[in-house]
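One structure is given here, and the rest of the page talks about it.
Protein chains: 2
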Amino acid sequence: MGVMSFRDSMFLLAESREHPTHVGSLLLFDRPEDAGPDFLGDLHRRLVSSNEVAPTFARRAYRSLSTLGQWAWEPEKNLDIEYHVRLSALPRPGRIRELLELVSRLHGSLLDRHRPLWEFHLIEGVEGDRFAAYFKVHHAMMDGVTGIRHLQKTLSTDPEDLDTPPFWQVDPRSKKQPAAEVEERPEPGVLEWVGSTVSEGYRTVSSAVADTVRTTNSVLGVAPALANAVYDGLANRDTALPFEAPHSMFNVPITGARRFAAESWPLKRIQRVRERTSSTVNDVVLAMCSGALRRYMLELGELPDKPLVAALPVSLGTTGEGNQLGAILVTLATDEADAGVRLERIKASGKAAKANLDQRDPMAVAALSLAVAAPLPLGTVPGVSSVINPGFNLIISNVPGPKAPLYWEGAKLSGMYPLSVPLDGQALNMTVFSYADNMEFGLTGDRRSVPRLQKLLGYLEDALVELEAVADAADS
Amino acid sequence: MGVMSFRDSMFLLAESREHPTHVGSLLLFDRPEDAGPDFLGDLHRRLVSSNEVAPTFARRAYRSLSTLGQWAWEPEKNLDIEYHVRLSALPRPGRIRELLELVSRLHGSLLDRHRPLWEFHLIEGVEGDRFAAYFKVHHAMMDGVTGIRHLQKTLSTDPEDLDTPPFWQVDPRSKKQPAAEVEERPEPGVLEWVGSTVSEGYRTVSSAVADTVRTTNSVLGVAPALANAVYDGLANRDTALPFEAPHSMFNVPITGARRFAAESWPLKRIQRVRERTSSTVNDVVLAMCSGALRRYMLELGELPDKPLVAALPVSLGTTGEGNQLGAILVTLATDEADAGVRLERIKASGKAAKANLDQRDPMAVAALSLAVAAPLPLGTVPGVSSVINPGFNLIISNVPGPKAPLYWEGAKLSGMYPLSVPLDGQALNMTVFSYADNMEFGLTGDRRSVPRLQKLLGYLEDALVELEAVADAADS
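Those sequence lines, one after another, are chains A and B.
Here full-length UniProt numbering is used: the first residue of the first sequence is 1, the next is one more, and so on.
Here full-length UniProt numbering is used: the first residue of the second sequence is 1, the next is one more, and so on.
Listed below in structure tokens is the structure:
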């Protein structure tokens with residue numbers, strides 16, 4: 001199957017026990033009404049009854065003398081499906097709290113590099129007659145968005161469809177699922193909020209990344225072609241600074257354990273605020289994150305005087321070489337107490353960043369792709385720890401998902417939450433995913449540096465309530 | 001708390017993602033008769049309600065410039081008890097099969113080196129009105145036997161005793177638990193079967209180990225004092241070979257995933273065979289292992305022509321520096337089809353090895369301690385992979401445990417099984433633990449190279465039935 005791309009191999013090279021570089025998704029289902037107590041056990045037995053696995057999920061990473069020490073893929077001949085597809089259960093009372101606890105643990109452990117780099121867990125015992133599934137895949141194999149697209153192959157818009165093969169059996173080149181749809185979606189966190197060109201706004205990031213790429217390149221001694229191109233392209237550029245990210249509690253070295261929190265909000269509530277304040281959905285999402293982060297940091301005595309800066313992955317459209325991903329930097333105005341003023345500042349900052357997207361630049365795109373879209377744990381590479389603050393405090397991704405409700409074996413998918421990769425200097429990641437009538441928030445944090453992460457869920461709700469009050473006032 | 005010993009730090013230095021060097025114990029309990037459905041959840045809440053932890057369990061491994069790059073211990077100031085003490089559950093139907101599956105997974109993941117190196121898991125949903133606990137601790141902190149002794153502090157011989165503090169809160173220097181009992185028991189797998197001096201029988205091992213120690217020493221660049229002493233002491237010795245271990249399916253490089261199987265056998269059945277065949281309990285245990293391994297390897301087409309050789313850790317008594325641990329090598333006679341003849345050959349081999357324990361030699365003791373008692377994953381050290389067969393095929397440990405039934409919060413301990421550390425070249429470990437009226441077998445294997453490990457449990461039973469037939473024939 002050949003040698004990996006420089007970028008994909010970076011995920012393996014830079015990974016350590018404290019910095020797993022896999023992404024995940026948590027799916028929450030309502031059990032079908034007629035399901036017996038053994039519904040999930042039976043489903044699991046059926047799933048592991050066949051060792052048939054499509055090539056994408058049957059390849060194994062290896063390196064040896066014959067690959068000149070570079071990481072490459074090879075087919076796994078003795079795939080052990082029971083290792084990859086597992087059945088777990090929640091302790092009583094099986095609340096979302098117990099589910100998040102289990103998923104945090106599953107997300108914190110490393111994948112076995114001797115096998116194809118993915119796991120799929122069925123989880124029984126979720127209260128309210130529900131069950132869950134957690135999918136974990138190494139970033140060297142695919143990014144989070146591609147992972148979710150694979151998951152969707154198992155799902156159907158038809159509750160009566162009881163015959164979908166599990167996603168790992170579906171050949172992406174089969175008629176039903178053209179390869180293009182799955183395979184040529186190379187970047188995670190694609191925000192379809194803006195669609196044009198590269199902005200002044202993220203030159204800052206690019207510059208820091210150029211240094212990082214150069215250092216990483218020489219330290220790791222890996223295939224230098226892309227890295228050098230990126231570096232050369234950026235070395236002689238302006239590095240105008242639109243605003244400077246303060247140091248914060250999230251920009252520290254991290255440990256090996258994770259906390260994950262997730263919740264859904266009705267799209268309707270967010271849209272109502274959007275309409276009455278002339279905002280975008282993304283503005284409202286950012287304002288929710290901002291309000292929640294402000295309160296969380298205030299309580300811990302950790303709110304910086306200067307406002308937090310968020311990096312937002314954006315799609316820059318497609319070129320001959322596939323989708324191009326960039327990022328914009330937006331202030332979160334966390335120094336502002338008034339929710340209405342905060343929303344306006346976020347809107348203005350977002351508009352300015354979008355307006356600046358006027359210069360498409362493949363080098364900057366590649367560098368940003370490395371820094372924002374690709375969760376590379378550069379802090380683990382000796383000599384790179386100085387790049388711990390690349391000009392923003394956290395990444396907030398907004399990923400558009402399926403609009404119609406989905407089903408699996410008659411079970412309705414009630415929620416779908418993304419789990420990301422915390423990094424040294426990026427201890428918290430917020431990813432928002434739209435599904436049917438909801439916005440699904442997934443917060444992945446380092447267990448030590450982001451204590452009581454669950455609290456952020458309550459604060460997100462509080463922030464939305466505040467924004468609803470702003471909307472009501474604007475309306476009256 | 002100071003720099004670690006060379007030996008303890010080796011467990012950290014040589015550990016990799018494929019070779020975790022922690023040990024474990026699985027405890028199985030009957031729920032108290034009057035226990036409500038929230039018994040275990042309530043117990044868990046009580047256990048995590050206090051952050052009070054004795055110094056042994058509150059120390060963290062670190063190394064830095066101030067320790068000259070050597071591993072050392074320091075107190076953990078922000079211990080997060082909920083991280084260490086966890087509640088899990090089995091999926092339906094909660095058979096021992098599901099329990100072993102979960103424990104295999106828990107045993108396969110790495111401990112977080114940013115925290116004290118232990119975890120304690122309560123597991124609910126075991127069928128037959130039972131629950132389980134799994135304790136995992138890094139070998140750099142303590143060996144398996146010491147771990148089990150710590151666990152016992154939480155247990156009581158009195159079912160009415162509802163007030164035992166969890167073991168991690170017990171200061172080993174407190175009156176109730178004198179330090180000597182727990183802290184000065186340095187080696188795992190102490191078999192009190194023999195009690196005198198070092199044998200010719202394991203010189204072979206020692207020599208291979210001497211090379212290993214020398215190579216490891218230079219490769220890792222670690223504190224060389226002990227290593228050099230061992231090497232110098234052994235370099236000029238005979239290496240008489242009592243018998244040669246064949247290459248087998250167990251003597252291969254291993255992967256990161258584990259399989260664990262465990263079951264109890266009534267001591268009475270084993271003692272009946274012992275009496276009627278003039279054997280020792282250990283002879284019968286070895287003959288059970290031998291019969292099971294023979295059938296398992298035959299079925300896989302992997303039985304070597306020459307018999308397997310087992311290494312048995314033995315206590316060599318105490319010196320001024322604490323317990324001395326050695327090992328003897330015993331044939332398992334797996335080339336022999338007849339169970340009675342196999343037992344006789346094992347008895348003779350064990351007797352000869354014991355008779356040869358005539359030369360106490362501190363250097364050989366230290367070397368063996370490194371090879372047999374200390375599960376060092378030397379195969380992970382570059383350049384040491386050639387030492388994959390150190391003269392034996394697997395380690396079988398027989399550890400004497402408590403004779404009286406034990407209780408925890410009114411719950412009776414019905415089983416107690418040791419989990420060991422598979423290594424490159426040592427893909428299977430069998431440890432036997434005596435508790436009350438049972439012999440508890442714990443088999444820890446590499447998931448890839450030891451497929452269908454659970455089958456060995458059935459074959460152990462078959463082997464005991466065969467031995468019972470031999471005993472009946474001897475009796476009649």
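Where a beta carbon is used, it is the ideal one built from N, C-alpha and C, also for glycine.
Item to complete: Using a Cβ cut-off of 7 angstroms, pull out every chain A residue sitting near residue 87 of chain B, in sequence order please.
Response: 91
Worksheet item: Considering only C-alpha positions, which residue in the set B:21, B:311, B:449 is nearest to residue 430 of chain B?
Response: When only C-alpha atoms are compared, the closest one is B:311.
Worksheet entry | Nearest neighbour of residue 339 of chain A, chosen from A:273, A:407, A:432, A:105 [CA to CA] | A:273
Worksheet item: Does the stretch 143-156 of chain A touch the stretch 63-81 of chain A, meaning 3 or more C-beta pairs lie closer than 8 angstroms?
Response: no
Item to complete: For the stretch 15-94 of chain A, list the alpha helix (DSSP H) runs that are entirely contained and at least 4 residues long, ordered along the chain.
Response: 39-47, 81-84
Item to complete: Would you tell me roughly how many angstroms separate the C-alpha atoms of residue 455 of chain B and residue 296 of chain B, rounded to the nearest one?
Response: Straight-line Cα distance between these residues: approximately 8 angstroms.
Worksheet item: If you compare alpha carbons, which of B:286, B:474, B:22 is closest to residue 277 of chain B?
Response: B:474
Worksheet entry | Proximal chain A residues relative to residue 109 of chain B, where beta-carbon distance stays under 9 angstroms | Ordered by position in chain A, the residues that pass the 9 angstroms Cβ test against residue 109 of chain B are 105, 108, 109, 110.
Practice prompt. Note down, in chain order, each residue of its chain lying with its Cβ closer than 7 angstroms to the Cβ of residue 403 of chain B, except the 5 sequence neighbours on either side.
Written response: 436
Worksheet entry | residue 413 of chain B versus B:461, B:420, B:434, residue with shortest Cα-Cα distance | B:434
Item to complete: Measuring only between beta-carbons, confirm whether residue 134 of chain A sits less than 8 angstroms from chain B.
Response: No, its Cβ sits nowhere closer than 8 angstroms to a Cβ of chain B.
Item to complete: Would you check if the distance between the CB atom of residue 139 of chain B and the CB atom of residue 111 of chain B is smaller than 8 angstroms?
Response: no
Discussion item. Using a Cβ-Cβ distance cut-off of 8 angstroms, determine whether residue 38 of chain A contacts chain B.
Written reply: yes
Fill in: Limits of the unbroken beta strand (DSSP E) element including residue 429 of chain A
428-435
Worksheet item: Any chance the stretch 418-426 of chain A sits against the stretch 30-37 of chain A, with 3 or more Cβ pairs inside 8 angstroms?
Response: no
Worksheet item: On the three-state DSSP scale, how would you describe residue 216 of chain A?
Response: Low confidence applies to residue 216 of chain A: its pLDDT is 39, below 50, so where it sits in the model is not reliable, and the reading given next is rough at best. The answer is helix: DSSP assigns residue 216 of chain A an H, G or I state.
Practice prompt. Work out the CA separation of residue 258 of chain B and residue 15 of chain B for me, nearest whole Å.
Written response: 15 angstroms
Worksheet item: Apart from the five residues just before and just after residue 468 of chain B, which ones in its own chain have a Cβ nearer than 8 angstroms to its Cβ?
Response: 269, 272, 273
Worksheet item: So what does residue 154 of chain B bridge to, in DSSP terms?
Response: For residue 154 of chain B, which the question treats as bridged, DSSP gives no partner whatsoever.
Discussion item. Using only the alpha-carbon positions, how far apart do residue 306 of chain B and residue 285 of chain B sit?
Written reply: 21 angstroms
Worksheet item: Is the Cβ of residue 255 of chain A closer than 8 angstroms to any Cβ of chain B?
Response: Yes, because at least one Cβ of chain B sits closer than 8 angstroms to the Cβ of residue 255 of chain A.
Worksheet item: Mind checking residue 301 of chain B: buried by the 16 CB within 10 Å criterion, or exposed?
Response: So residue 301 of chain B counts as exposed.
Worksheet item: With a Cβ-Cβ cutoff of 8 angstroms, do residue 120 of chain A and residue 85 of chain A count as a contact?
Response: yes
Worksheet item: So residue 282 of chain A is in the alpha helix (DSSP H); what residue range does that whole segment cover?
Response: 281-299
Practice prompt. Decide if residue 350 of chain B is buried, meaning its Cβ has at least 16 other Cβ atoms within 10 Å, or exposed.
Written response: Around the beta carbon of residue 350 of chain B, 16 or more other beta carbons lie within 10 angstroms, which makes this residue buried.
Discussion item. With a threshold of 8 angstroms between beta carbons, is residue 470 of chain A in contact with chain B?
Written reply: no
Worksheet item: Are the C-beta atoms of residue 114 of chain A and some chain B residue less than 8 angstroms apart?
Response: Closer than 8 angstroms: yes.
Item to complete: From the DSSP output, in three-state form, read off residue 447 of chain A for me.
Response: coil
Worksheet item: Taking DSSP as the reference, what is the three-state secondary structure of residue 131 of chain B?
Response: Residue 131 of chain B falls in the strand class under three-state DSSP.
Worksheet item: How about residue 52 of chain B: is its C-beta nearer than 8 angstroms to some C-beta of chain A?
Response: no
Practice prompt. Please classify residue 294 of chain A: is it buried, with 16 or more other beta-carbons within 10 angstroms of its beta-carbon, or exposed?
Written response: Buried, since its Cβ has 16 or more Cβ neighbours within 10 Å.
Discussion item. Tell me which residues of the stretch 10-29 of chain A have at least one Cβ-Cβ distance to chain B shorter than 8 angstroms, keeping chain order.
Written reply: 17, 18
Item to complete: Flag residue 41 of chain A as yes if its beta-carbon sits less than 8 angstroms from any beta-carbon of chain B, otherwise no.
Response: yes
Discussion item. Cβ closer than 9 angstroms: which chain B residues qualify as neighbours of residue 125 of chain A?
Written reply: 89, 91, 92, 125
Worksheet entry | Any chain A beta carbon closer than 8 angstroms to residue 452 of chain B | no
Worksheet item: How would you label residue 399 of chain B, buried or exposed, when you count the other beta carbons within 10 angstroms and need 16 or more for buried?
Response: buried
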